[in-house]
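If you read the sequence shown in this note's numbering, its first letter stands for residue 1211, the second for the next number, and so on.
Here a beta-carbon is modelled for each residue, glycine too, at the ideal position from N, C-alpha and C.
Worksheet for the structure shown next.
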Amino acid sequence: MNMREPDLGAICSAFEIEGRFLGSCPVPSGHINETFCSAFEASGRTARYVNQRINHHVFKEPEKLMDNMERVTRFARGRIEAAGGDPMRETLNLVPARDGRSFHRTPGGDYWRTFHFINGARTYDRAENLGLVYSASRAFGAFQKMLSRLPGARLHETIPDFHHTPKRFAALQAAAARDRRNRAASVRGEIGFVLEREGLVGRVIDGLAEGRIPERVTHNDTKLNNVMIDDLTGEGVCVIDLDTVMPGSVLYDFGDSVRLGAATAAEDERDLSRVGFDLNLFDRLAQGYLDAARDFLEPAEKELLAFSGLLLTLECGIRFLTDHLDGDVYFRIHRDGHNLDRARTQFKMAAEMERKMDEMEAVVRKYL
């Protein structure tokens, strides 16, 4: 999607930021929103902020998204303060707009939000060591456990049926039938791979519908690079990218962290010989997650932890392939065939997980 180049000085002026605007630069990460870092000088010091333009074509109701984010971050601050932590580093902190809202809407209809910058920490797109994998996974487990106590009404669904795998499966079938870009013939093998696994796609959603698997407040996009890692300690400091925090299953969260966290190559790697699933990385993910979340999980959740990695990898591949067939209208692409490359990496990983499922189950049992 080509969006207008923003005037960050004007955008920042809509928020309660003190000082003189020094400049901004884009942060080239994420498939959905546009992110920038801005700097201000106040009282002889430089302060940085993160500015994001919310993609309201993906998130159809930005006001509800921001209501979720306000509730979650406010609750998190309270819990962190009660535990003697640092709420300015251990959760996202929204900068209010000058009209009192948590976001600013421009005359052109764009939605913007601003966060305080978290110093002394960074994100990683790939697992550089096993300790990093453990720390990120433990952070997600702790995040889930904390939000299991969130009071009040059910959160809004910012993307309805986001991890409803049977509906993702049906959407792929519909996209293949439409074939609006005449691409279906060239990806028959990939479509066939998905169709052969139809029996897997309903296991979690059926458990939720039947009440065997509890609905939780979950992150729903638990990639490694959605945890800020402390530069000095290597521990997970803050879970970020809260757009998809909403009702869901912990299995979606753990499974999605496995999808990227246990990968041997980048999500869009073209050389499939480099793509695989690393059981040692899975071991670190499982221990980190369970060290934080073990005591609040239900038996049905524990039973499907290993399987959830396979399910979410398959689901993401389905989403990438569907978008390729529909003409790349959802995920941002940077080259022709980008979504197809992404789909192929996911299917290669899913096939390897199937072969190693007994070993994955053994790892989970070890840490339970």
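Sequence ranges, beta strand (DSSP E) only - wholly within the segment 1313 to 1382, length at least 3: 1321 to 1326
Per-residue DSSP class, three states only, for ARG1413: helix
Per-residue burial, HIS1509 [other beta carbons within 10 Å of its own, 16 or more giving buried]: The amino acid occupying residue 1509 in the given sequence is Pro; His does not appear at that position. Flag for PRO1509 reads exposed.
For MET1213, three-class secondary structure by DSSP: Since pLDDT at MET1213 reaches only 49, below the 50 mark, its modelled position is unreliable, and the value read off the structure follows with that caveat. Here MET1213 sits in coil by DSSP.
Buried or exposed by the 16-neighbour rule on C-beta atoms within 10 Å, applied to MET1211: Reliability fails at MET1211, whose pLDDT of 38 lies under 50, so the model's placement of it is uncertain and the value that follows must be treated cautiously. That one is exposed.
beta-carbon ARG1565 near the ligand GTP non-hydrogen atom, thresh 7 Å: For the structure depicted, the ligand GTP is absent and the ligand set is empty, with no information on it obtainable.
Length of the line joining the Cα atoms of SER1347 and VAL1414: 21 Å
Residue from ASN1436, ARG1469, LEU1405 and THR1474 whose Cα sits closest to the Cα of ALA1496: ARG1469
Between the CA atoms of ARG1281 and LEU1302 - distance to the nearest angstrom: 12 Å
Whether VAL1449 touches HIS1429 by CB criterion (8 Å): yes
Residues sharing a beta bridge with ASN1278, DSSP: The partner list for ASN1278 (beta bridge, DSSP) is empty, contrary to what the question assumes.
Collapsed DSSP secondary structure at ALA1560 in the structure displayed: helix
Identified DSSP bridge partners for SER1234: SER1248
Beta-bridge partners of ARG1426, as assigned by DSSP: GLY1458
THR1432 in three-state terms, based on DSSP: coil
Nearest-angstrom beta carbon gap, PHE1557 and GLU1420 [assumed within contact, 8 Å]: With a Cβ gap of about 29 Å, GLU1420 and PHE1557 do not count as contacting.
Distance CB(MET1356)-CB(ALA1307) smaller than 8 Å: no
As assigned by DSSP and simplified to three states, the class of ASN1261: strand
Nearest-angstrom Cα separation, counted from GLU1300 out to MET1213: Reliability of the predicted coordinates at MET1213 is poor, the pLDDT of 49 falling under 50, and the value obtained from them is presented with this limitation in mind. Rounded to whole angstroms, MET1213 to GLU1300 spans 32 Å at the Cα level.
One or two residues paired with ALA1307 in a DSSP bridge: PHE1225
8 Å Cβ cutoff met for ALA1472 and LEU1491: yes
For ARG1255, three-class secondary structure by DSSP: strand
LYS1270 classed as buried or exposed, judged by whether at least 16 other C-beta atoms fall within 10 angstroms: exposed
The segment 1473 to 1486 touching the segment 1355 to 1372, judged by at least three CB pairs closer than 8 Å: no
Contact under 8 Å by Cβ, PHE1246 with ASN1265: no
Where the alpha helix (DSSP H) containing GLY1498 begins and where it ends: 1489 to 1503
8 Å Cβ shell around GLU1226 - same chain, five flanking residues per side excluded: VAL1305, PRO1306, ALA1307 and ARG1308
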